[in-house]
Amino acid sequence: MLDKESPVPMYVQIEEYLKLRMKQGEFSVGTAIPSERELTEMFEVSRMTVRQSITNLVTEGLLYREKGRGTFVAAPKVEQPLSGLTSFTEDMLSRGMEPGTQLISLKKVIAEDDIAQALQLMEGEQVFAVKRIRYADHKPMAIERSYLPVKIVPELDLDAVEGSLYSFIEHQKELSISHALQSMEATLVNKEDAEFLQISVPAAVIVIERVSFLTGEMPFEIVRSTYRADRYKFISEIRR
Ligand code: 16G
């Protein structure tokens, strides 16, 4: 099955083979792929070669390992458009997934300099600092660290932060969310976030920082969202 004369390394050929079987639906989401031993025998290569192929596919997010159980086919990544100002809850519901939130902390604090500057606050003004893990179909997808000025949202109850913050702002507070500025960068996950996201280090994450405004140019949140890179793919349409 493998072309031993080919300049394409064996482990790459094995990856291609496994990808093809996944694409053709022979290995469907959640099913185990053959064991390392079976693949070693099937391809007549060393165990190290097989392990290299599997590790690469795990890193790409196509497969995942479970200790003592084997290697399984991962669900396709969530494709997140970068064009609209949507909430996590809206994003998940629009894909037919169940959004979930675990509140890690909710505090009223004096805004630090960089937060105050982004939110156009004076020195000493207060913000709500909210840390949440966001889930889709009970799987952790992202961690969000949000800061909201207390003068705009004077009370933030548990219902608001354990559900949709945007829905609370628009429907309970009757404020009008208008636009946002965001940046995106890749980084390696730190230990704390790896635990929240249930991934083992080293792993890549995508960090999006967003400052969102109400109609009238008033910033109402700054959020740092850390997404699992194996679960997310960001899509944008560009025109010439
Ligand atoms: C998204 C936003 C975040 C916002 C949250 C509200 C990005 C990068 N972040 O995750 O800024 O606070 O949605 O979601 O898209 P919620 O209404 O479900 O609480």
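Residue numbering for the sequence shown follows my numbering, beginning at 475 and increasing consecutively. Every residue, glycine too, gets a C-beta built ideally from N, C-alpha and C.
Item to complete: Ignoring anything shorter than 3 residues or poking outside the stretch 615 to 640, list the beta strand (DSSP E) runs there in chain order.
Response: Uninterrupted beta strand (DSSP E) stretches at least 3 residues long and entirely within the stretch 615 to 640 do not occur.
Fill in: Simplified DSSP assignment, three categories, for Ile578
Of the three classes helix, strand and coil, the one that applies to Ile578 here is strand, per DSSP.
Item to complete: Rounded to whole angstroms, what's the CA-CA distance from Ile626 to Glu599? Just pull it up for me.
Response: The straight-line gap from Cα to Cα measures roughly 11 Å.
Item to complete: May I ask which residues mark the beginning and end of the beta strand (DSSP E) holding Lys647?
Response: Counting along the chain, Lys647 falls outside any beta strand (DSSP E), and DSSP gives it neither H nor E.
Worksheet item: Cβ of Tyr640 versus every heavy atom of ligand 1: is any distance shorter than 7 Å?
Response: Flag set: Cβ of Tyr640 near ligand 1.
Discussion item. At a cut-off of 7 Å, would you count Ile682 as near ligand 1, judging by its Cβ distance to the nearest heavy atom?
Written reply: Correct: Ile682 has its Cβ closer than 7 Å to ligand 1.
Worksheet item: Exposed or buried, what is Asp633 when buried is set at 16 or more other beta-carbons lying within 10 Å of its beta-carbon?
Response: The residue in question, Asp633, is exposed, as its Cβ has fewer than 16 Cβ neighbours within 10 Å.
Worksheet item: Are three or more beta carbon pairs between the stretch 539 to 549 and the stretch 490 to 503 nearer than 8 Å?
Response: Segments in contact, yes.
Worksheet item: What three-state label does DSSP hand Lys688 in the structure shown?
Response: Correcting the residue type first, residue 688 is Leu in the shown sequence and not Lys. In the structure shown, Leu688 sits in a strand (DSSP, three-state: E or B).
Discussion item. For ligand 1, I want to know if Gln576 counts as a neighbour, meaning its beta carbon is within less than 7 Å of at least one of the ligand's heavy atoms.
Written reply: No heavy atom of ligand 1 is found nearer than 7 Å to the CB of Gln576.
Discussion item. Using a Cβ-Cβ cutoff of less than 7 Å, which residues in the same chain neighbour Ser509 once the five nearest sequence positions on both sides are dropped?
Written reply: If we look at Ser509 and ignore the five residues flanking it on each side, its Cβ neighbours are Gly544.
Worksheet item: If you run the structure through DSSP and keep just helix, strand and coil, what is Ala506?
Response: Ala506 falls in the strand class under three-state DSSP.
Worksheet item: Which residues in the same chain as Ser620 place their Cβ atom closer than 6 Å to its Cβ, once the five residues preceding and following it in sequence are excluded?
Response: Listed in chain order, the non-local C-beta contacts of Ser620 below 6 Å within the same chain comprise Val604, Glu695 and Val697, local neighbours out to five positions each way being set aside.
Worksheet item: Regarding Gln487 and ligand 3, is the C-beta to nearest heavy atom distance less than 7 Å?
Response: In the structure shown, ligand 3 is absent; the only ligands present are ligand 1.
Worksheet item: Can you tell me the Cα-Cα spacing of Arg511 and Val524, whole angstroms?
Response: In this structure, the alpha-carbon of Arg511 lies about 9 Å from that of Val524.
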